[in-house]
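Going down the list, the protein sequences come from chains Y and S. Here the first sequence is numbered in numbering that gives the first Met the number 0, starting from 0 and rising by one per residue. Here the second sequence is numbered in numbering that gives the first Met the number 0, starting from 0 and rising by one per residue. What follows is a single structure, written as structure tokens, with notes after it.
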Amino acid sequence: MSEQIHSAPTQSADAIHARAVEWLLAREDNEDWSEQDQAALDAWLNEAPENLLAYWRAKSGWKRTEVLSALRPFRPQPKPEATDRWKRLRLSMVAASVAVIGIAGVVAANWKTDSYVTYSTALGGHKTLALGDGSEIELNTDTVVRLPKGVGRQVVLEKGEAFFQVRHDDSNPFVVTTRSGRVVDLGTKFVIRQHDREVKVSLVEGRARFEGASQDGEKRSVVLDPGDVVLATADSVALMKKPARELRNELGWRRGMLIFRHETLAEAAAEFNRYNTEKIVVDPSVAHLEIRGTFHTADIALFARMTEKALGLHTSRKGNEISITH
Amino acid sequence: MILGGGGMVETPETTRELDDLHARSAGVSAHDLEAWFVSEVLPLEPALMLFLRHSWRHAGDLADLRQDIYVRLYEMAKAKPPHPVKPLLFTIARNLLIDRFRRERIIPIEGVADLAEIEVASDAPAPDRSVIARDEVRRLETALDKLPPRCREAVMLRRVEGLSRAEIALRMGISKETVGAHLRDGARQLIDLLHDQAAP
């Protein structure tokens with residue numbers, strides 16, 4: 000009785016959806032996506048509107064999973080035994096992932112002294128260092144760290160921001176020194192940001208001890224639990240508590256994302272300016288407006304468009320400067 | 000004030016990405032059509048699928064019905080995308096179902112009865128975007144938990160760690176081909192779950 004045959008579609012929707020996903024992943028995975036590849040994709044898209052619509056649908060759905068990556072709590076990934084070979088591979092692979100995320104980061108490693116190696120990232124850069132002891136240091140934009148050669152665990156954060164995942168060792172503590180105090184690991188993940196004279200330490204997981212700089216020989220020391228944030232200068236230490244979600248948002252940079260929830264326009268612009276040579280200048284009359292959103296660190300253009308669309312503001316460009324005004 | 004929280008960001012980016020994708024010579028640019036489809040049609044998919052599910056018994060046909068409806072809508076929209084989309088989308092859906100009912104000689108009692116309800120439900124005011132964003136994360140996590148463990152691991156390494164297929168293969172100790180299969184399966188299911196919120 001079934002008469003469906005006469006209008007049978009060429010392919011089932013599920014099959015086309017699967018094909019669209021294949022194209023999407025192939026394109027995303029292939030850094031040297033060639034003109035031929037593109038021509039093949041175009042040909043497939045032009046073959047039937049079913050294909051085109053399935054591709055648009057798949058692309059927008061897949062894109063939405065980025066939100067997840069930015070908000071997701073960190074779970075330690077199960078890692079295979081770190082043989083020497085594997086460790087070397089991992090270093091190169093982490094470097095490759097920088098390109099995948101799409102951050103134009105230039106990473107430089109310079110021999111500074113005989114006993115130390117300096118690693119740095121340029122504006123907008125991002126790099127992960129895998130240390131011999133299994134610890135990892137992830138450098139954010141415009142950051143310099145100094146590491147002792149070999150398996151040393153005495154790290155100096157010269158400037159910028161870095162995320163530390165430390166393999167704990169009671170007999171050989173991992174110590175990060177900053178301008179305004181140092182952090183001693185007690186089995187932990189934490190992030191340190193150094194800005195002018197101020198250093199901010201946020202504890203994500205585990206425990207660590209913060210020791211303030213001591214001019215007068217008197218150490219200000221505090222043990223940090225998850226969610227604890229220390230703000231320290233040469234002569235002051237402040238401790239506060241932040242919700243886990245907020246800390247995760249602040250770590251969006253690890254995925255190349257800036258996540259704003261209660262930020263003012265001025266704060267958001269300052270964040271963007273950490274990553275880009277183009278600078279956003281916010282007129283004081285609109286600086287207090289509150290915004291929400293998730294952006295790629297490099298996507299100033301989208302940010303500017305959104306302030307126009309959502310806040311009804313005006314943007315104008317002059318050289319390397321984008322002004323946002325009423 | 001809300002700037003592009005959650006899914007809202009995707010529309011302009013999608014449009015921009017299309018710059019290098021392909022240039023079509025229809026009256027409306029491919030950019031605009033894609034942006035229209037992503038921002039105005041796809042958000043209606045949960046309501047559309049709810050309607051189809053209530054009206055059509057065979058779950059196995061739903062994806063094909065949806066595809067046919069989208070194609071009909073697209074053909075009509077190519078010259079000038081309609082705003083708002085919803086009335087047209089549901090008219091197309093209704094007509095397509097009536098065709099099918101006729102062809103299969105089914106008397107669509109359930110379908111007709113449910114139609115009124117669904118339309119009311121889909122007219123409810125849209126929730127706040129932050130609620131949508133929260134729901135979306137929850138939905139994604141639920142969806143991820145439904146994937147087989149290795150499949151989920153591959154998707155997480157791609158989406159959270161930003162690793163390439165070769166890098167994931169290295170990390171998981173499996174072949175690139177197997178990683179590819181895990182990613183395809185995972186992405187397919189996640190995409191369906193995101194668009195069609197009531198998907199099983």
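Quick reminder that beta carbons are idealized off the backbone N, C-alpha and C, glycines included. Bear in mind that the values here come from a model prediction, so they are computed numbers and not experimental data.
Local conformation of residue i per DSSP, three classes
| i | result |
| --- | --- |
| Y:Ala39 | helix |
| Y:Pro147 | strand |
| Y:Val165 | coil |
| Y:Val175 | strand |
| Y:Asp282 | coil |
| Y:Leu310 | helix |
| S:Asp60 | helix |
| Y:Arg316 | strand |
| Y:Arg291 | strand |
| Y:His325 | coil |
| S:Lys77 | coil |
| Y:Gly159 | strand |
| Y:Leu250 | coil |
| Y:Ser59 | helix |
| Y:Leu138 | strand |
| Y:Thr296 | coil |
| Y:Val154 | strand |
Terminal residues of the beta strand (DSSP E) in which residue i lies
| i | result |
| --- | --- |
| S:Phe36 | Per DSSP, S:Phe36 belongs to no beta strand (DSSP E) and is neither H nor E. |
| Y:Thr232 | Asp227 to Thr232 |
| Y:Leu257 | Met256 to Thr263 |
| Y:Ala129 | Lys126 to Ala129 |
| Y:Val200 | Glu197 to Glu210 |
| Y:Val183 | Gly180 to His194 |
| Y:Glu277 | That residue, Y:Glu277, is in no beta strand (DSSP E); it is neither H nor E in DSSP. |
| Y:Leu223 | Ser220 to Leu223 |
| Y:Val116 | Tyr115 to Thr120 |
Boundaries (first-last residue) of the alpha helix (DSSP H) holding residue i
| i | result |
| --- | --- |
| S:Gly185 | Lys175 to His194 |
| Y:Ser235 | That residue, Y:Ser235, is in no alpha helix (DSSP H); its beta strand (DSSP E) goes Ser235 to Lys240. |
| Y:His16 | Ala12 to Asp28 |
| S:Thr90 | Lys85 to Glu103 |
| S:Ser54 | Glu44 to Ser54 |
| S:Val154 | Pro148 to Arg158 |
| S:Leu169 | Arg164 to Met171 |
Contact set for residue i: own chain, Cβ-Cβ below 8 Å, skip 5 residues either direction
| i | result |
| --- | --- |
| Y:Ser114 | Pro147 and Lys148 |
| S:Leu95 | Leu64, Asp67, Ile68 and Arg71 |
| Y:Asn275 | Leu122, Gly123, Thr296, Ala297 and Ile299 |
| S:Leu61 | Met48, Leu51, Arg52 and Trp55 |
Residues near residue i in its chain [Cβ-Cβ closer than 7 Å; skip 5 each side]
| i | result |
| --- | --- |
| S:Ser24 | Any reading at S:Ser24 must be qualified, since the residue scores a pLDDT of 41, below 50, and its modelled position is unreliable; the value itself is stated next. If we look at S:Ser24 and ignore the five residues flanking it on each side, it has no Cβ neighbours. |
| Y:Val175 | Val154, Leu156, Phe163, Arg181, Val182 and Ile191 |
| Y:Glu137 | Thr127, Ala161, Phe162 and Arg253 |
| Y:Thr177 | Leu156, Ile191, Gln193 and Val198 |
| Y:Trp61 | Leu23 |
| S:Ile91 | Ile68, Arg71 and Leu72 |
Buried versus exposed, by CB contacts within 10 Å (16 or more), residue i
| i | result |
| --- | --- |
| Y:Glu320 | exposed |
| Y:Asn171 | exposed |
| Y:Ser59 | buried |
| Y:Leu238 | exposed |
| Y:His16 | buried |
| Y:Gly131 | exposed |
| Y:Glu249 | buried |
| S:His194 | buried |
| S:Arg187 | buried |
| Y:Asn139 | buried |
| Y:Gly159 | buried |
| Y:Asn50 | buried |
Close Cβ partners of residue i (< 6 Å) along its chain, the five nearest in sequence each way excluded
| i | result |
| --- | --- |
| Y:Ser179 | Val198, Ala212, Ala231, Thr232 and Ala233 |
| Y:Ser322 | Val280 and Ser315 |
| Y:Leu202 | Phe189, Leu223, Pro225 and Asp227 |
| S:Pro81 | Leu87 |
| S:Asp184 | Cys150 |
| S:Val159 | none |
| Y:Ala19 | Ala53, Tyr54 and Ala57 |
| Y:Thr326 | Absent from the model: residue 326 of chain Y. The displayed extent of chain Y is 0 to 325, so no value can be given. |
Residue from the options whose Cα sits closest to the Cα of residue i
| i | options | result |
| --- | --- | --- |
| Y:Arg244 | Y:Ile258, Y:Val154, Y:Arg254 and Y:Leu40 | Y:Ile258 |
| Y:Val221 | Y:Arg253, Y:Val182, Y:Leu122 and Y:Val190 | Y:Val182 |
| Y:Val143 | Y:Tyr118, Y:Gly124, Y:Val165 and Y:His125 | Y:Tyr118 |
| S:Gly161 | Y:Thr64, Y:Ala14 and Y:Asp184 | Y:Thr64 |
| Y:Glu270 | Y:Pro242, Y:Lys240 and Y:Phe302 | Y:Phe302 |
| S:Lys79 | S:Ser28, S:Arg99 and S:Ala165 | S:Ser28 |
| Y:Val285 | Y:Ala12, Y:Arg166 and Y:Ala268 | Y:Ala268 |
| S:Leu189 | S:Ala142, S:Glu44, S:Ala34 and S:Pro83 | S:Ala142 |
| Y:Lys240 | Y:Glu21, Y:Gly133 and Y:Val200 | Y:Val200 |
| Y:Asp184 | Y:Asp195, Y:Gly205 and Y:Ala14 | Y:Gly205 |
Heavy atom of the ligand HEM within 6 Å of residue i beta-carbon
| i | result |
| --- | --- |
| Y:Ala17 | Among the components modelled here there is no ligand, and therefore nothing to report on the ligand HEM. |
Members of the region 35–51 of chain Y near chain B, C-beta cut-off 7 Å: Looking for chain B here will not work: the only protein chains present are Y and S.
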